[in-house]
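Residue numbers (my numbering): 1 to 265.
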């Protein structure tokens with residue numbers, strides 16, 4: 001539970017990194033952008049990334065010129081799911097990787113360690129799902145949620161078998177074309193062919209996967225997400241009074257699931 005470094009070199013983003021011991025999810029790295037000493041006077045965002053990425057996936061958003069005024073009035077706490085940070089070593093064989101439910105519930109340990117009372121949850125994909133579970137377990141610590149491509153249902157049969165095949169390849173041969181294609185589809189949706197700058201998007205994403213993400217650790221995060229339980233009923237019963245912004249691209253792979261979640265709220 002210590003401060004590790006003062007400055008992030010990637011994209012010249014100033015942040016402080018802390019290692020936080022959690023009850024059941026092992027050590028979680030939390031990267032703080034902004035002045036945490038004045039957190040009570042600012043909006044505090046807690047971000048959780050999707051599979052195939054890590055906390056740096058939020059940099060372009062936070063550092064965008066249009067976000068400058070919001071950034072000045074905010075603090076961002078970026079969480080790395082265990083083993084997903086850049087150039088991470090293999091997780092120990094005896095490490096019990098947390099379920100999405102456990103990960104979501106244990107996020108409160110980050111807030112307690114940093115002495116933060118309230119946050120706005122901001123997550124994408126698997127990270128968004130974990131934040132919903134965090135909000136369900138610790139509603140008094142959540143001001144609202146921003147959820148990108150959030151799926152509250154369990155895994156369908158087609159998704160199950162695709163994930164099984166991709167997981168096997170990540171475990172046996174590491175990052176490979178089939179796994180990359182699956183993650184590109186998960187990230188950008190089925191209509192990527194219609195995007196003008198699709199080549200650059202795919203190249204940037206896959207190069208980061210190859211150079212920075214540990215494939216065996218990624219497999220364990222994918223597996224945890226694949227084994228998620230349906231929480232649609234809990235969302236319908238418990239989140240109707242919470243401010244939630246659901247975000248999805250019109251041609252994204254999970255748009256229908258996001259719409260289904262919206263209808264329940």
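Glycine included, every Cβ here is placed at the ideal spot set by N, Cα and C.
Checklist entry - Apart from the five residues on each side of it in sequence, which residues of its chain come closer than 6 angstroms, Cβ to Cβ, to residue 104? => result Along the chain shown, read from residue 1 onward, the residue named residue 104 stands at position 104. The residues 130, 133 and 134, in chain order, have a CB closer than 6 angstroms to that of residue 104 in the same chain once the five nearest residues on each side in sequence are set aside.
Checklist entry - Nearest to residue 26 by alpha carbon, out of 96, 67 and 48? => result Counting from 1 along the chain shown, the entry for residue 26 is found at position 26. Nearest to residue 26 by alpha-carbon distance, out of 96, 67 and 48, is 96.
Next on the checklist: On the DSSP bridge list, what partners appear for residue 121?
Outcome noted: In the chain shown, the residue the question calls residue 121 occupies position 121. Answer is 46 and 145.
Item to check | Closest Cα partner of residue 76 within the set 49, 100 and 83 | outcome: For the purposes of this step, residue 76 is taken as the residue at position 76 of the chain shown. Distance check between residue 76 and each of 49, 100 and 83 places 49 closest, using alpha-carbon atoms only.
Next on the checklist: In this structure, how does DSSP classify residue 19 when only helix, strand and coil are distinguished?
Outcome noted: In the chain shown, residue 19 corresponds to position 19, counting from 1. Note: residue 19 maps to strand in three-state DSSP.
Next on the checklist: Could you tell me the alpha carbon to alpha carbon distance between residue 17 and residue 30, rounded to whole angstroms?
Outcome noted: Numbered from its first residue, the chain shown carries residue 17 at position 17. Numbered from its first residue, the chain shown carries residue 30 at position 30. Their Cα atoms are separated by approximately 6 angstroms.
Next on the checklist: Quick check: what's the CA-CA separation for residue 215 versus residue 149?
Outcome noted: Here residue 215 is taken as the residue at index 215 of the chain shown, counted from 1. Here residue 149 is taken as the residue at index 149 of the chain shown, counted from 1. Near 23 angstroms, if we compare the C-alpha coordinates of residue 149 and residue 215.
Next on the checklist: In whole angstroms, give me the CA-to-CA distance for residue 232 and residue 244.
Outcome noted: For this step, residue 232 is matched to residue 232 along the chain shown. For this step, residue 244 is matched to residue 244 along the chain shown. Cα to Cα, the separation comes out at about 14 angstroms.
Checklist entry - Between the Cα of residue 58 and the Cα atoms of 154, 39 and 78, which residue gives the shortest distance? => result The count along the chain shown starts at 1 and reaches residue 58 at position 58. Taking only the C-alpha atoms, the option nearest residue 58 is 78.
Checklist entry - If you draw a straight line from the alpha carbon of residue 144 to that of residue 138, how long is it in whole angstroms? => result Here residue 144 is taken as the residue at index 144 of the chain shown, counted from 1. Here residue 138 is taken as the residue at index 138 of the chain shown, counted from 1. Rounded to whole angstroms, residue 144 to residue 138 spans 12 angstroms at the Cα level.
Checklist entry - Can you tell me where the alpha helix (DSSP H) with residue 29 in it begins and where it stops? => result Sequence index remark: in the chain shown, residue 29 carries index 29 (1-based). In this chain, residue 29 is not harboured by any alpha helix (DSSP H); it is covered by the beta strand (DSSP E) spanning 27 to 33.
Item to check | residue 248 to residue 36 span [Cα, whole Å] | outcome: For the purposes of this step, residue 248 is identified with residue 248 of the chain shown, where counting begins at 1. For the purposes of this step, residue 36 is identified with residue 36 of the chain shown, where counting begins at 1. In this model, residue 248 and residue 36 are separated by some 30 angstroms (Cα to Cα).
Checklist entry - If we call anything under 7 angstroms between Cβ atoms a contact, is residue 151 one with residue 257? => result Along the chain shown, read from residue 1 onward, the residue named residue 151 stands at position 151. Along the chain shown, read from residue 1 onward, the residue named residue 257 stands at position 257. Cβ distance < 7 angstroms, so residue 151 and residue 257 count as in contact.
Checklist entry - Skipping 5 residues on each side, what residues in its chain have a beta carbon closer than 8 angstroms to that of residue 89? => result Here residue 89 refers to the residue found at position 89 when the chain shown is read from its first residue. Excluding positions up to five away in sequence, the list reads 214.
Checklist entry - Any idea what DSSP makes of residue 271, helix, strand or coil? => result Here the chain has residues from 1 to 265 only, and residue 271 is not among them.
Checklist entry - Does DSSP classify residue 78 as helix, strand or coil? => result For the purposes of this step, residue 78 is identified with residue 78 of the chain shown, where counting begins at 1. In the displayed model, residue 78 falls within a strand according to three-state DSSP.
Item to check | residue 100: first and last residue of the uninterrupted alpha helix (DSSP H) it sits in | outcome: Residue mapping note: residue 100 aligns to position 100 of the chain shown, counting from 1. Going by DSSP, residue 100 is part of the alpha helix (DSSP H) stretching over 100 to 114.
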